[in-house]
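Student: Note that the protein sequences, when read in sequence, are chains A and B.
For this note's numbering, count along the first sequence from 1 and bump the result up by 3.
For this note's numbering, count along the second sequence from 1 and bump the result up by 1.
Backbone N, C-alpha and C define an ideal beta-carbon position, used for all residues, glycine too.
None of these values were measured; they are calculated from a predicted model.
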Amino acid sequence: GAVVSQHPSRVICKSGTSVKIECRSLDFQATTMFWYRQFPKQSLMLMATSNEGSKATYEQGVEKDKFLINHASLTLSTLTVTSAHPEDSSFYICSASKISGSSYNSPLHFGNGTRLTVT
Amino acid sequence: SQQGEEDPQALSIQEGENATMNCSYKTSINNLQWYRQNSGRGLVHLILIRSNEREKHSGRLRVTLDTSKKSSSLLITASRAADTASYFCATVTSGSRLTFGEGTQLTVNP
């Protein structure tokens, strides 16, 4: 096993509202989770690294006040898109590593992604 | 920044043929990983190859790594329609994060 569950799979919201996306590791503990954004037919862009019990580390150019990340437990990280705008429409994917301390030297396990559409 | 560059961007083959995808990168790496993504889904890890390894196999998959040329290849033998997906290489540099390439869209025609 190494299952990562992401919810919801699709969400449509109106401009100005907030949307929360959950990422859960079902059969392992993940001290570190990663949030990516993917545009159609493009690669994954890392948005932030989420560490359990501490503040997330955001990539350059990612607004931390707009994309709120909370990693309150070893199995759950959430991404909240605040005051969503149509340009926030995208595919958001989370991932987690089973091994702490060397997250980049072991495979990542991905959720199935969330398709966000802001109207 | 995206370190990995993959070619071809798109590849269309017939079932039973072999598919080869290439990945080039610019800086020294700790390891290189290949992932598969079905349309509208998350990524699935295929193979991880470390910088001191030259070749790894997993079922119908064969990955090579040439650190002198800063390149890797993924070979899928005896392809099946179910292999249709996007394939991404991802590099890990020392003390850094996983960086994904642009991907190759593979279509296997039945």
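Taking 7 Å as the limit between beta carbons, can you name the residues of its chain near B:Thr85, skipping five residues before and five after?
Tutor: By 1-based counting over the second sequence, the position of residue 85 of chain B is 84. Answer for B:Thr85: Leu107, Thr108 and Val109, listed in chain order.
Student: Nearest CA to the CA of A:Cys26: which residue from A:Ser53, A:Ser86 and A:His88?
Tutor: Looking up residue 26 of chain A in the first sequence gives position 23. Nearest of A:Ser53, A:Ser86 and A:His88 to A:Cys26, Cα basis: A:Ser53.
Student: Between the Cα of B:Gln10 and those of B:Phe101, B:Leu99, B:Val93 and B:Tyr88, spot the shortest distance and give me the residue it belongs to.
Tutor: By 1-based counting over the second sequence, the position of residue 10 of chain B is 9. Nearest C-alpha to B:Gln10: B:Tyr88.
Student: Distance, Cα to Cα, A:Leu47 vs A:Leu77?
Tutor: Reading the first sequence from its first residue, position 44 is the one you call residue 47 of chain A. Reading the first sequence from its first residue, position 74 is the one you call residue 77 of chain A. Computed Cα separation, rounded: 24 Å.
Student: Between A:Asn115 and chain B, is any beta-carbon pair separated by less than 7 Å?
Tutor: The residue given as residue 115 of chain A occupies position 112 in the first sequence. Yes, its Cβ sits closer than 7 Å to a Cβ of chain B.
Student: Does the segment 28-37 of chain A come into contact with the segment 71-90 of chain A, if we say contact requires no fewer than three beta-carbon pairs (one atom in each stretch) closer than 8 Å?
Tutor: Cβ pair count under 8 Å is three or more, so yes.
Student: Could you tell me which chain A residues have their CB closer than 8 Å to the CB of B:Arg42, listed as they occur along the chain?
Tutor: Taking the first residue of the second sequence as 1, we reach residue 42 of chain B at position 41. Under the 8 Å cutoff, chain A gives Asn115 and Gly116.
Student: DSSP state of A:Ser105, grouped into three classes?
Tutor: Mapped onto the first sequence, residue 105 of chain A falls at position 102. Summary for A:Ser105: the model assigns pLDDT 49, below 50, so the residue's position carries little reliability, and this model does not support an answer.
Student: Quick one: what's got a C-beta closer than 7 Å to A:Thr20's C-beta in the same chain, skipping five residues either side?
Tutor: Counted from its first residue, the first sequence places residue 20 of chain A at position 17. So the list reads Ala87, once near-sequence residues are dropped.
Student: Confirm, please, whether the CB-CB distance from A:Ile24 to A:Tyr95 is below 7 Å.
Tutor: Here residue 95 of chain A is taken as the residue at index 92 of the first sequence, counted from 1. Here residue 24 of chain A is taken as the residue at index 21 of the first sequence, counted from 1. Yes, the Cβ-Cβ distance between A:Tyr95 and A:Ile24 is below 7 Å.
Student: Would B:His58 count as contacting chain A if we go by Cβ distances under 7 Å?
Tutor: Walking along the second sequence from the start, residue 58 of chain B turns up at place 57. Cβ-Cβ to chain A under 7 Å: no for B:His58.
Student: Taking 7 Å as the cut-off, decide whether the C-beta atoms of A:Asn115 and A:Gln9 are in contact.
Tutor: Numbered from its first residue, the first sequence carries residue 115 of chain A at position 112. Numbered from its first residue, the first sequence carries residue 9 of chain A at position 6. It is a contact, given that the beta carbons lie within the stated cut-off.
Student: Apply the 10 Å Cβ neighbour rule to B:Asn32 and answer buried if 16 or more other Cβ atoms are within range, or exposed otherwise.
Tutor: For this step, residue 32 of chain B is matched to residue 31 along the second sequence. B:Asn32 should be labelled buried.
Student: Helix, strand or coil for A:Ala99? Go by DSSP, reduced to three states.
Tutor: Numbered from its first residue, the first sequence carries residue 99 of chain A at position 96. Strand.
Student: Flag this pair as yes or no: are the beta carbons of A:Asp91 and A:Val65 separated by less than 7 Å?
Tutor: Taking the first residue of the first sequence as 1, we reach residue 91 of chain A at position 88. Taking the first residue of the first sequence as 1, we reach residue 65 of chain A at position 62. Taking 7 Å as the Cβ cut-off, A:Asp91 and A:Val65 do not qualify as a contacting pair.
Student: Roughly how many angstroms separate the alpha carbons of A:Lys58 and A:Leu71, rounded to a whole number?
Tutor: Position 55 of the first sequence, counted from the start, is the residue given in the question as residue 58 of chain A. Position 68 of the first sequence, counted from the start, is the residue given in the question as residue 71 of chain A. In a straight line, the C-alpha of A:Lys58 is about 10 Å away from that of A:Leu71.
Student: Going by C-alpha to C-alpha distance, which of A:Phe113, A:Ser109, A:Leu119 and A:Thr117 sits closest to B:Ile50?
Tutor: For this step, residue 50 of chain B is matched to residue 49 along the second sequence. Residue A:Ser109 is the option with its Cα nearest to B:Ile50.
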